[in-house]
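Novice: Here it is, the structure, as structure tokens.
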């Protein structure tokens, strides 16, 4: 599909383009992407993991991928998913090149041109682009203070069913600390969302990139834990936020037939054996729960600092969401604000953000 055709699916979702000739300042404060803070990346630990892993695995860590992923890493990811109530063994885990590859694979396997795909509005724009390139008809649904508006979704599904149209292929959602608003879907809505999936026969693609990084009380359980049959959800997550984005390791958990289809579609040379070796060598000598607890404290402190600054500096009429975890808040400015002028001024001051 050409870019021109794909972009026709995305007019209400496409982010504002950067000005021509713009170059990002190396010292910029980057608020436009879900980047971990540099001080949180365990460089020394990964260096040691590389040394130990290469000594142990030798050339095997430097070969092409394409075969089975590191079994120890898959078992670890299954156990970590289990801390959230997700029932999985290593055999139920598909390791991917970041969670974005998992999204790519789901899109490739499930979407035929013209299929309806439901998303939050606003949503993670990179996923939307992928769905559009696969030919999906993208339908966005608004969020309120408690996340996805299920009344709007249910009304649309009912009307579509009344017209005799085929069920949507899937709903893509970040229900916990949503990207980009930071909102979280409460347990009652999660249960209702699954009932809608059962009634209308669609799959839920649950992106849990930020669920580990709560500031206080744990968030509601993933949708995958509430899907008792396991046939209506695909759960994906990533180590990009809790270790480092550069290792490019994510994973998916789903039904056996679904995972088998995703594995067949994963026709690249494979998830890097070196990345898996280094990461597992790092993890095997680490109390990962303690590391994640430290990250929660770190990001809670950073949010408290940002929140104070927003309260102190924003003009009357501006509002922002109050996330309970994750990386994002959604700032709404008075209607007369010229967002193009404001973005350019922010860049001159060394701050980048993503206009919505």
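Numbering (the numbering used here), first residue to last: 1 to 356.
Cβ coordinates follow ideal geometry from the N, Cα and C atoms, glycine included.
As the structure is a prediction and not an experimental result, all values here were calculated from the model.
#1: Counting along the chain, where does the alpha helix (DSSP H) carrying residue 53 start and finish?
#2: If we count Cβ pairs, one from each stretch, closer than 8 Å, do we get three or more for the stretch 101 to 109 versus the stretch 153 to 163?
#3: Three-state secondary structure (DSSP) at residue 30?
#4: Give, in chain order, every unbroken run of the beta strand (DSSP E) that is at least 3 residues long and sits entirely within the stretch 198 to 229.
#5: Is DSSP giving residue 155 helix, strand or coil here?
#6: By the 10 Å Cβ neighbour count, where 16 or more other Cβ atoms means buried, how is residue 343 classified, buried or exposed?
#7: Give every residue of the same chain whose Cβ lies closer than 7 Å to the Cβ of residue 317, excluding the five residues on either side of it in the sequence, and list them in chain order.
#8: Could you check whether the stretch 230 to 248 touches the stretch 202 to 214, counting it as contact only if at least three pairs of C-beta atoms, one from each stretch, sit closer than 8 Å?
#9: Roughly how many angstroms separate the alpha carbons of residue 306 and residue 80, rounded to a whole number?
#10: Run the CB neighbour count on residue 303, radius 10 Å, all protein chains shown included, and call it buried at 16 or more, exposed below.
#11: According to DSSP, is residue 161 helix, strand or coil?
#12: In terms of alpha-carbon separation, which member of 41, 356 and 30 lies closest to residue 282?
#13: Could you give the C-beta distance for residue 181 and residue 219, rounded to a whole number, given that I count them as a contact under 8 Å?
#14: Short check: CB of residue 300 to CB of residue 215, under 7 Å?
#15: Where does residue 303 fall in DSSP's three states?
#16: Where are the beta strand (DSSP E) runs, 3 residues long or more, that stay fully inside the stretch 232 to 317, in chain order?
#17: Compare the Cα-Cα distances from residue 197 to each of 274, 252 and 157 and report the closest residue.
#18: Whole angstroms are fine: how far does the CA of residue 311 sit from the CA of residue 322?
#19: Can you give me the start and stop residues for the beta strand (DSSP E) that residue 118 sits inside?
#20: Got a sec: is the Cβ-Cβ distance from residue 93 to anything in chain C below 7 Å?
#21: In terms of DSSP beta bridges, what is residue 139 paired with?
#22: Is it buried or exposed, residue 366, if we count other Cβ atoms within 10 angstroms and call 16 or more buried?
#23: Using CA coordinates, which residue listed in 339, 325 and 34 is at the minimum distance from residue 217?
#24: If you measure between the beta carbons of residue 190 and residue 226, is that distance less than 7 Å?
#25: From this set, 353, 121, 331 and 242, which residue's C-alpha is nearest residue 295's C-alpha?
#26: Could you say which of 133, 89 and 223 lies nearest to residue 171 if we only look at CA atoms?
#27: Would the stretch 263 to 274 and the stretch 85 to 101 be scored as touching if the rule is three or more Cβ pairs under 8 Å?
#28: Quick check on DSSP: helix, strand or coil for residue 21?
#29: My output table needs one value for residue 133: the three-state DSSP class, helix, strand or coil.
#30: Just curious, the beta strand (DSSP E) that residue 170 is in, first and last residue?
#31: Under the criterion of a Cβ to heavy atom distance below 6 Å, does residue 333 qualify as lining the ligand PLP?
Specialist: Taking the geometry as given:
#1: Here residue 53 is taken as the residue at index 53 of the chain shown, counted from 1. Residue 53 -> alpha helix (DSSP H) spans 43 to 57.
#2: no
#3: Here residue 30 refers to the residue found at position 30 of the chain shown. Of the three classes helix, strand and coil, the one that applies to residue 30 here is strand, per DSSP.
#4: Segments of the beta strand (DSSP E) lying fully in the stretch 198 to 229: 203 to 207.
#5: Locating residue 155 in the chain shown gives position 155, counting from the first residue. Helix at residue 155.
#6: Residue mapping note: residue 343 aligns to position 343 of the chain shown, counting from 1. Label assigned to residue 343: buried.
#7: Mapped onto the chain shown, residue 317 falls at position 317. Excluding sequence neighbours, residue 317 sits near 334.
#8: yes
#9: As a first step, residue 306 is located in the chain shown; it is residue number 306 there, counting from the start. As a first step, residue 80 is located in the chain shown; it is residue number 80 there, counting from the start. Their Cα atoms are separated by approximately 30 Å.
#10: In the chain shown, the residue the question calls residue 303 occupies position 303. Taking all protein chains shown into account, residue 303 has 16 or more neighbouring C-beta atoms within 10 Å of its C-beta and is therefore buried.
#11: The residue you call residue 161 lines up with position 161 of the chain shown. Helix at residue 161.
#12: Start at 1 with the first residue of the chain shown, and residue 282 comes out as number 282. The option with the nearest alpha carbon to residue 282 is 41.
#13: Along the chain shown, one-based indexing puts residue 181 at 181. Along the chain shown, one-based indexing puts residue 219 at 219. Actually they are not in contact, since the Cβ atoms of residue 181 and residue 219 sit about 14 Å apart, beyond 8 Å.
#14: Indexing the chain shown from 1 puts residue 300 at position 300. Indexing the chain shown from 1 puts residue 215 at position 215. Taking 7 Å as the Cβ cut-off, residue 300 and residue 215 qualify as a contacting pair.
#15: Reading the chain shown from its first residue, position 303 is the one you call residue 303. In this structure, residue 303 counts as helix in the three-state DSSP scheme.
#16: Complete beta strand (DSSP E) runs here, min 3: 233 to 238 and 250 to 253.
#17: To locate residue 197, count along the chain shown from 1; it is residue 197. Comparing Cα positions, the closest option is 157.
#18: Here residue 322 is taken as the residue at index 322 of the chain shown, counted from 1. Here residue 311 is taken as the residue at index 311 of the chain shown, counted from 1. One C-alpha to the other measures close to 12 Å.
#19: In the chain shown, residue 118 corresponds to position 118, counting from 1. Here the beta strand (DSSP E) through residue 118 covers 116 to 121.
#20: Absence of chain C from the displayed structure is noted, only one protein chain being present.
#21: Taking the first residue of the chain shown as 1, we reach residue 139 at position 139. According to the DSSP secondary-structure assignment, residue 139 is paired through a beta bridge with 118.
#22: Since the first residue of the chain shown is 1 and the last is 356, residue 366 is not available in this structure.
#23: Taking the first residue of the chain shown as position 1, residue 217 is located at position 217. Checking every option, the nearest Cα to that of residue 217 belongs to 325.
#24: Position 190 of the chain shown, counting from 1, holds the residue named residue 190. Position 226 of the chain shown, counting from 1, holds the residue named residue 226. Result yes, Cβ atoms of residue 190 and residue 226 sit closer than 7 Å.
#25: Counting from one through the chain shown, the residue named residue 295 turns up at place 295. For residue 295, the nearest C-alpha among the options comes from 242.
#26: The residue you call residue 171 lines up with position 171 of the chain shown. The shortest C-alpha separation from residue 171 is found at 223.
#27: yes
#28: For this step, residue 21 is matched to residue 21 along the chain shown. Note that residue 21 has pLDDT 43, beneath the 50 cutoff, so the model's placement of it is unreliable and no number is given.
#29: If you number the chain shown from 1, residue 133 lands on position 133. Reduced to three states, the DSSP call for residue 133 is helix.
#30: Within the chain shown, residue 170 is the residue found at index 170, counting from 1. Run containing residue 170: 170 to 173, per the beta strand (DSSP E) assignment.
#31: Summarising the ligand content, the structure contains no ligands, and the ligand PLP is consequently not present.
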